[in-house]
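Trainee:
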Amino acid sequence: MLTVLISGLASGALFAAAALVYNVMFSTSKVLGVQTGQTAMLGGVFGAWFIRTFHFPIPLALLGSIFVGGVFGFLTDLIAVRRVLNRSDEHLWLLSTLAFATITQQVVALLWGTEPLPFPRVVPQDFSAGLLDQKYWLPILTALALAAGIELFYRRTLYGKLFLAMSEDPFAARARGVPTDRIRALSYVISGAMGGLAGFMAGQLTFAYFAVGITLSLNGFIALAVGGLGSNTGALVGGAALGILSAGASYFIGGEYQNTVSVGLLMVVLLLKPAGLFGAQVARPV
Amino acid sequence: MTLRLIAFSLVLTVAGAASGKDKEPIRIGWLSSLTGPQSTSAIAENKGVEFAVEEINKAGGINGRPLQLVTRDTVSDPKTAVNFAKQLIFEEKVALIIGPVNSGESLATIPVVAKEGVPNIIIGTVDELVDADKYPRAFRPINTNRQWIEAANEYALKVLKRKKIAVLGDTTGYGTSTAKAATAALEKEGIKPVYTALIDQNKTDLTDELKKAKDAGADVVMPWSGNTGFMARVVNARGDMGWNVPIVGHPTVMAAPLRKLVNKPAYLDNIFAAGYSSMTYDDKGHLPKATKELQEKIRPKLGGGEIDYSFWWVALGYDTVKLAEHAIRAAGGTDPAALQKALENTKNFAGVYATYAYGPKERNGFPDKNIVINQANSFKDGVYRAAPR
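Chains W and D are the protein sequences, given in the same order. Going by the numbering used here, the first residue of the first sequence is number -14, and it counts up by one from there. Going by the numbering used here, the first residue of the second sequence is number 109, and it counts up by one from there.
#1: Tell me whether the stretch 251 to 258 of chain D and the stretch 283 to 300 of chain D touch, counting them as touching only if at least three CB pairs, one residue from each stretch, are closer than 8 Å.
#2: What residue range is occupied by the uninterrupted alpha helix (DSSP H) comprising Phe419 (chain D)?
#3: For the alpha helix (DSSP H) that contains Phe159 (chain D), what are its first and last residues?
#4: At 3 residues or longer, and completely inside the stretch 354 to 397 of chain D: list those beta strand (DSSP E) runs for me, N to C.
#5: Is there a Cβ from chain W that is less than 8 Å from the Cβ of Ala289 (chain D)?
#6: Which residues, taken in chain order from the stretch 182 to 204 of chain W, show a beta carbon closer than 7 Å to some beta carbon of chain D?
#7: Does any CB atom of chain D fall closer than 8 Å to the CB of Pro105 (chain W)?
#8: With three or more C-beta pairs closer than 8 Å as the rule, is the stretch 79 to 93 of chain W touching the stretch 204 to 222 of chain W?
#9: Taking only beta carbons into account, state which residues of the stretch 135 to 167 of chain D come closer than 7 Å to chain W, listed in chain order.
#10: Mind checking the stretch 232 to 243 of chain W against chain D and listing, in chain order, the residues whose C-beta falls within less than 9 Å of any C-beta there?
#11: Quick check: Ser501 (chain D) and Gly490 (chain D), are their CB atoms within less than 8 Å of each other?
#12: Count Cβ pairs between the stretch 178 to 190 of chain D and the stretch 139 to 147 of chain D that sit closer than 8 Å; are there 3 or more?
#13: How long is the line joining the alpha carbons of Val119 (chain D) and Lys131 (chain D), rounded to whole angstroms?
#14: In the structure shown, what three-state DSSP assignment does Gln309 (chain D) receive?
#15: Using CA coordinates, which residue listed in D:Asp235, D:Glu236 and D:Ile205 is at the minimum distance from Ile229 (chain D)?
#16: Do you know offhand how far Leu111 (chain D)'s Cα is from Ala445 (chain D)'s?
#17: Kindly say whether Gly347 (chain D), judged by its beta-carbon, lies nearer than 8 Å to any beta-carbon of chain W.
#18: Alpha carbon to alpha carbon, how far is Ser176 (chain W) from Met10 (chain W)?
#19: Compare the Cα-Cα distances from Leu(-13) (chain W) to each of W:Leu251, W:Val107 and W:Ala232 and report the closest residue.
#20: Strictly below 8 Å CB to CB, what residues from chain D border Pro101 (chain W)?
#21: Given this structure, state the Cα-to-Cα distance separating Pro134 (chain D) from Ala432 (chain D), to the nearest angstrom.
#22: Looking at C-alpha atoms only, which residue of W:Asp111, W:Leu80, W:Thr82 and W:Leu(-1) is the closest neighbour of Asn344 (chain D)?
#23: Between the stretch 378 to 412 of chain D and chain W, which residues of the former have CB atoms less than 8 Å from a CB of the latter, in chain order?
#24: Got a sec: is the Cβ-Cβ distance from Ser(-8) (chain W) to anything in chain D below 8 Å?
#25: For the stretch 296 to 320 of chain D, enumerate the residues whose C-beta is nearer than 8 Å to any C-beta of chain W, in chain order.
#26: Of all Cβ atoms in chain W, is any one closer than 8 Å to the Cβ of Thr372 (chain D)?
#27: If we cut at 8 Å on Cβ distances, does Gly96 (chain D) have a partner in chain W?
#28: DSSP three-state label for Gln20 (chain W), please.
#29: Can you tell me whether Phe237 (chain W) is buried or exposed? The criterion is at least 16 other CB atoms within 10 Å of its CB, across all chains shown.
#30: Could you tell me whether the Cβ atoms of Asn482 (chain D) and Ala495 (chain D) are closer together than 8 Å?
#31: For Ser(-4) (chain W), decide whether its Cβ has a neighbour in chain D, counting only Cβ atoms nearer than 8 Å.
#32: Suppose you measure from the CA of Leu262 (chain W) to the CA of Gly357 (chain D); what does that come to, to the nearest Å?
#33: What does Thr(-12) (chain W) touch in chain D if you count any residue whose Cβ is under 7 Å from its own?
#34: Using a Cβ-Cβ cutoff of less than 7 Å, which residues in the same chain neighbour Asn352 (chain D) once the five nearest sequence positions on both sides are dropped?
#35: Hey, Asn251 (chain D) and Thr200 (chain W): beta-carbon distance below 8 Å or not?
#36: How would you write the range of the alpha helix (DSSP H) that Pro44 (chain W) sits in, first residue to last?
Here is the structure:
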């Protein structure tokens, strides 16, 4: 039972990290980019590549993955978001980010192949540690650190406050001289770096695998919707709930029901509490 | 005089046209998932297919006609495979189609190809794919799932003498159907598995499932999945738990890409999977002559060094073209009905991967006796040693 819990928490932490990535992007652009899972995929694939091919030390490889994630985030804004937002109020970003995600996945498949590749140990540890194995604890600690870091960023830094201002009212923020395009680009860089970090830390669970992004995008979105859009606490709780429920469903009912349970959870929460567990419905005076 | 000249010219023209047609390339369609999630085996098979075509053409083609390979990448997607099958038939006018190379795509394309009466050599293991009545021109050189399952069950029950079996499958169509077929085959032998589970192939940790199997008293684990990551997680969970239970199952559990994913090389000990006598070292460490010859001939095309992936994929690809060549020679051309007849009459056609035999109602050419059980930890130069008996 404890195995199910820890194993579920570990995969749930990865979903929570994806939900946090969504949150950061959403705060400045109101876009829920489908490429979210690909940022983590890139973190895993590049991390393994840096270590296995170039023999980077682990900290350098980690920084490399964060950097790649940040660049990917910047390119997402540049190619798939900025122009779409400037030209249309419709949700065309859904298509543009989906296209960008698909292209990214295909390029990775062509360059690294379609079989999963091994991800090395991040800290020295034997494989007999059982539930204390780093493959469980690294994603959990990473998700907690990301949530705490982003909260501190929002509360303690000027840029964080600008993110919040744009989140509240982008037009008012722009009217007051906030360079909204640059702030949005920065949010995409930060979210990409967060995804790269999460993908690296969960690499031992997911392997370095080109197709892991789609699952993460979907489950990250479910975690976000369950926890409440915009809430970092909600992202953590939603991710953990989803991970534990999925693992529990697979263990107690059968793997064929795992996805039914996760999507079912989303429907139940949305029916009972449409704003999610920790989401606030904002009434906007007009 | 003028009439004679005209008649002579006409004879020359017709003769010229006829001889031109005699030299026309024979177009062979090749539907292969060269990219996408199921590309690893297809890329290896493609090496064998291309090499066989090159070899035949170097030797003067078939009755003076070169083979022309028309390759289409199905990107591991059944819809794309169907579109390309139609293109190969209607636009490229191929004489015969090899592929698709997996069951999911084959399920979608076989009826389409069969409807147009084009001969089809398919590479998918799901038993239901071939049917002499519904798809009379679809012939299968690869083994069936039944053959893999029966060999693995026989090894677990009769050689290892295990009775408490845990059957694991992934939740894809292939994983589910194969795990169910394996369970049914065990039940036919009077064995009810102590634990059966279908697991999402993307599930990142399988420790809980293995623990459940252990708690159920399993003394052998039989996983059925074509997914390398899934199989590696089964192997790693068993190893990390320190549970030295034998694993007997699908060839993916000993495939070359999986070896890189296991936490320790020792985790490959006590793992056995269905393989082929043609791809197995004998007691003295020798391979069958045909396998050795193909290895040496094709080695430069595979990078020149030790072969780092399952060689049976390459040999199977090579054999599909050789089988097509055999049928075209026997039929004396590319008439579809004659090709069907030629393949139906094929007996003991010695390939590298297997020796094939078909019949008027038999579309599975791979004989049971060519299946053996291999040891996962014995991989060397693309092939394996036999499991101890």
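By construction, the Cβ of each residue, glycine as well, lies at the ideal position given by its N, Cα and C atoms. Quantities reported herein were computed from a predicted structural model and do not represent experimental measurements.
Mentor: Considering the structure as presented:
#1: Verdict: yes, contact present.
#2: In the DSSP assignment, Phe419 (chain D) falls within the alpha helix (DSSP H) that extends over Phe419 to Ala439.
#3: Segment Ser147 to Lys166, the alpha helix (DSSP H) holding Phe159 (chain D).
#4: Listed in chain order, they are 355 to 357 and 379 to 384.
#5: Judged by the 8 Å Cβ criterion, Ala289 (chain D) is not in contact with chain W.
#6: Cβ contacts with chain D come from Leu190, Thr191, Phe192, Tyr194, Ala196 and Thr200.
#7: Chain D contact via Cβ: absent.
#8: Segments in contact, no.
#9: The residues in question are Thr143, Gly144, Pro145, Ser147 and Thr148.
#10: Within the stretch 232 to 243 of chain W, the qualifying residues are Ala232, Ser235, Tyr236, Gly239, Gly240, Glu241 and Gln243.
#11: Limits of chain D in this structure are 109 at one end and 497 at the other, which puts residue 501 (chain D) out of reach.
#12: Flag = yes, the stretch 178 to 190 of chain D and the stretch 139 to 147 of chain D touch.
#13: Caution applies to Val119 (chain D), whose pLDDT of 48 falls short of 50 and renders its modelled position unreliable; the value that the coordinates give is listed next. Straight-line Cα distance between these residues: approximately 18 Å.
#14: Assigned with DSSP and collapsed to three states, Gln309 (chain D) falls in coil, not helix or strand.
#15: If you compare the alpha carbons of D:Asp235, D:Glu236 and D:Ile205 with that of Ile229 (chain D), the shortest gap goes to D:Ile205.
#16: Bear in mind that a pLDDT of 49 at Leu111 (chain D), under 50, signals an unreliable position, so the number given afterwards is only what the model happens to contain. For Leu111 (chain D) and Ala445 (chain D), the distance between alpha carbons rounds to 40 Å.
#17: So, interface residue.
#18: A straight-line Cα-Cα distance of about 6 Å links Ser176 (chain W) and Met10 (chain W).
#19: The candidate whose alpha carbon is nearest that of Leu(-13) (chain W) is W:Ala232.
#20: Chain D residues near Pro101 (chain W): Thr336, Gly337, Ala340, Pro365 and Leu369.
#21: It should be noted that the sequence gives Ile, not Pro, for residue 134 (chain D). Approximately 11 Å between the Cα atoms of the pair.
#22: Out of W:Asp111, W:Leu80, W:Thr82 and W:Leu(-1), the CA that lies nearest to the CA of Asn344 (chain D) is found in W:Asp111.
#23: Hits within the stretch: zero.
#24: Nearest CB-CB separation between Ser(-8) (chain W) and chain D: below the 8 Å threshold.
#25: Of all residues in the stretch 296 to 320 of chain D, only Ala305, Leu306, Ile307, Asp308, Asn310, Lys311, Thr312, Asp313, Thr315, Asp316, Glu317, Lys319 and Lys320 place a beta-carbon less than 8 Å from a beta-carbon of chain W.
#26: What sits at residue 372 (chain D) in the sequence shown is Lys, not Thr. Contact of Lys372 (chain D) with chain W is assigned, a C-beta pair being separated by under 8 Å.
#27: What the structure shows of chain D is the stretch from 109 to 497, and residue 96 (chain D) is not part of that stretch, so it cannot be assessed.
#28: Gln20 (chain W) falls in the coil class under three-state DSSP.
#29: Counting the other Cβ atoms within 10 Å of the Cβ of Phe237 (chain W) gives fewer than 16, which makes it exposed.
#30: Contact annotation: Asn482 (chain D) and Ala495 (chain D) have beta-carbon atoms nearer than 8 Å.
#31: Closer than 8 Å to some Cβ of chain D, the Cβ of Ser(-4) (chain W) qualifies, so yes.
#32: The C-alpha of Leu262 (chain W) lies about 44 Å from the C-alpha of Gly357 (chain D).
#33: The contacting residues are Thr315, Asp316 and Lys319.
#34: Here Asn352 (chain D) has Asn378 as same chain residues with Cβ atoms under 7 Å from its own Cβ, once five neighbours each way along the sequence are excluded.
#35: Not a contact, by the Cβ cut-off of 8 Å.
#36: Ile43 to Leu60 is the extent of the alpha helix (DSSP H) around Pro44 (chain W).
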